[in-house]
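Since the structure comes first, as structure tokens, the remarks are kept for the end.
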DNA sequence: CCGATTATTCGCCAATTCTAGAAGGATAGG
DNA sequence: CCTATCCTTCTAGAATTGGCGAATAATCGG
């Protein structure tokens, strides 16, 4: 992953509201969750939520699939895995300080 | 790690300049690197650099130790490890999709 | 104490972000 | 076609962020 892509994804997750959205979607698992249900769960105005969801989609951390009138959001696990791998690689470059994490990379 | 702390750290890393600063410090290893050397490496005005370094220090991702007139910066590996652990935990909650990463947590 | 070196803080501006109400587009049922 | 539902886009204002020159602080050698 390029450093600018990593930065963009970190920035997307670096907002408490968006991080909560993402976490909720991860916990929803493969089934995903419609925007409307995210809204009742997180108590966020629709326009604000849509704004944040769009930001997460634009960096590839989540995706959306339409089902009738509802838009179901899914966490994109591969993207997150790539991001974690990037952090682990940065964290452990040259010096082997993050041994536990390194075994994962 | 609390979700707001994680968000603050992700936000700190979510700026290309700051991510480069952090990466440079990680690669400098335990010896760390003075602010001045970061400046020549990254070609950033001193005031801008100091601004970003302060942001990274404030969330605990790096620390500074004075040595005479120079301030040596060090990556705080434990903080990064905690952040990666948080992401892995979020990423793999409920569904076991991030198996490689999970083995690290 | 003085000057040199190193880094931070101040002040300012442009640009972006966050938030959210209001309006608009997409889809389905009747 | 009309209406309801669901979500996005538009619009706008407050707040924050990023960037950087200039001024200020901290430290050391002499």
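Chains as they are written, first to last, in the numbering used here: chain Y, -17 to 87; chain H, -17 to 87.
Glycine included, C-beta positions come from ideal geometry on N, C-alpha and C.
Got a sec: is the Cβ-Cβ distance from residue 83 of chain H to anything in chain Y below 8 Å?
Because the pLDDT at residue 83 of chain H is just 44, under 50, the model does not fix this residue reliably, and the point stays unresolved.
Give me the residue from H:-11, H:12, H:43 with the minimum Cα distance to residue 3 of chain H.
The shortest C-alpha separation from residue 3 of chain H is found at H:43.
At least one CB of chain Y closer than 8 Å to the CB of residue 14 of chain H: is that the case?
So, not an interface residue.
Would you say residue 42 of chain H faces chain Y, with C-beta separation under 8 Å as the test?
Cβ-Cβ to chain Y under 8 Å: no for residue 42 of chain H.
When the cut-off is 8 Å and only beta carbons count, does residue -15 of chain H lie next to chain Y?
Yes, contact with chain Y.
Let me make sure I understand the geometry here. Which of Y:-10, Y:-1, Y:1 has the alpha-carbon closest to that of residue -2 of chain H?
Looking at the Cα atoms, Y:-10 is the closest of the given residues.
With a CB to CB cut of under 7 Å and the five nearest residues on each side skipped, what residues in its chain are close to residue 37 of chain Y?
Excluding residues within five positions, the ones whose Cβ falls inside 7 Å are -6, 0.
Should residue 66 of chain H be labelled buried (16 or more other beta-carbon atoms within 10 Å of its own) or exposed?
Flag for residue 66 of chain H reads buried.
Where DSSP assigns a beta bridge to residue 17 of chain Y, which residues make up the other side?
Per DSSP, none; premise fails for residue 17 of chain Y.
For residue 52 of chain Y, which three-state DSSP category applies?
Note: residue 52 of chain Y maps to strand in three-state DSSP.
Compute the Euclidean distance between the alpha carbons of residue 46 of chain H and residue 31 of chain H, then round it to the nearest angstrom.
Those two C-alpha atoms are separated by around 14 Å.
Using 10 angstroms around the beta-carbon of residue 50 of chain Y, count the other beta-carbons present and answer buried if the total reaches 16, otherwise exposed.
When all chains shown are included, residue 50 of chain Y counts as exposed.
Could you tell me how far apart the beta carbons of residue -4 of chain H and residue -4 of chain Y are, in whole angstroms, since I believe they sit closer than 8 Å?
With 8 Å as the limit, residue -4 of chain H and residue -4 of chain Y qualify as a contact, their Cβ atoms being about 4 Å apart.
Going by beta-carbon coordinates alone, are residue 68 of chain Y and residue -17 of chain Y separated by less than 8 Å?
In this structure, residue -17 of chain Y lies closer than 8 Å to residue 68 of chain Y by Cβ.
Can you look up residue 47 of chain Y in the DSSP assignment and give me helix, strand or coil?
Three-state DSSP puts residue 47 of chain Y in a strand.
Identify the continuous alpha helix (DSSP H) that holds residue -7 of chain Y and give its terminal residues.
-15 to -5 is the span of the alpha helix (DSSP H), which, as asked, contains residue -7 of chain Y.
Does residue -7 of chain Y come within less than 8 Å of chain H when only Cβ atoms are used?
It does: the Cβ of residue -7 of chain Y has a partner Cβ on chain H nearer than 8 Å.
Apart from the five residues on each side of it in sequence, which residues of its chain come closer than 6 Å, Cβ to Cβ, to residue 17 of chain Y?
Result list for residue 17 of chain Y: 53, in chain order.
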